[in-house]
Amino acid sequence: MEELKKIIVELNSVFEELIPIERNKLTAAADHNVVELEECMKREQVAILQLKGLDQRREALQQKHGWNGMSFRQLAENLDEEEKADIQPVFDELDRNLQSFRDINGDVNEVIKTNLHVVENMLDKTGPYSEQGKEKETEKHYTSRKA
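In UniProt numbering, the protein residues as written are 1 to 147.
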C-alpha cells in the first residue's frame, strides 16, 4: 500500500505544478497573449507526460495486486481501517487537485473557444467572399496588370 500512496503523492505533486500553469494559461488566453499561451502549453505537455508515466505505474501496481479497473475510491474501500486512515488524506488531496484542475481547465477551454469564435467572425467579415458566396470586389493594387 505504501507504493500506491507514493504514486498518489507524486500525482498530487504534478497537479500542484500543473494548476498554476493552467491559471497562467487562462490569463494568457484572456489577454490574447499567444506567446505566453504557447509557453504554458509546452510546460503543460511536460506535466502530462509525467502524469502518463505515473498512471502506467499505477496500472502496473493495480494489476500486480489484482486491483484491475478499480478506482481510487474503490481501492480505499477495500483497505483495512489503519491503511485507509493512512492513505485517505492523500486521496482527498488528489480529489481536490483534480477538481481544481478541471475547473480551471474548463475556464481555459471556454476562453479559447470564445477567442476562436471571435477570430472566425473577423475572418468572415474580411474574407475574400461575400455572405452570398460571391467573390468580393477588392481594390486593385497599383501594380496589378489585371483590368
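The beta-carbon is built from N, C-alpha and C at its ideal position, and this holds for glycine as well.
Hey, residue i and residue j: beta-carbon distance below 8 Å or not?
i           : j           : result
residue 29  : residue 115 : yes
residue 24  : residue 10  : no
residue 76  : residue 63  : no
residue 54  : residue 1   : no
residue 111 : residue 26  : yes
residue 4   : residue 51  : no
To the nearest angstrom, how far is it from the Cα of residue i to the Cα of residue j?
i           : j           : result
residue 122 : residue 31  : 17 Å
residue 83  : residue 73  : 13 Å
residue 22  : residue 108 : 7 Å
residue 41  : residue 20  : 12 Å
residue 85  : residue 39  : 40 Å
residue 101 : residue 124 : 34 Å
residue 103 : residue 65  : 33 Å
residue 70  : residue 99  : 19 Å
Assuming residue i contacts residue j (C-beta within less than 8 Å), just tell me the rounded distance between them.
i         : j          : result
residue 7 : residue 58 : 5 Å
Cβ of residue i within 7 Å of any heavy atom in the ligand HEM?
i          : result
residue 65 : The model depicted lacks the ligand HEM and carries no ligand whatsoever.
Cβ contact (3+ pairs, closer than 8 Å) linking the segment 8-26 and the segment 90-97
The answer is yes - the segment 90-97 touches the segment 8-26, with three or more Cβ pairs under 8 Å.
If you scan the segment 18-65 from start to end, which runs of the alpha helix (DSSP H) of 4 or more residues do you find wholly inside it?
Qualifying alpha helix (DSSP H) stretches, in chain order: 34-64.
Mind listing, in chain order, the continuous alpha helix (DSSP H) runs of no fewer than 4 residues lying wholly within the segment 64-118?
At a cut-off of 4 residues, the continuous stretches assigned as alpha helix (DSSP H) that sit fully inside the segment 64-118 are 72-77.
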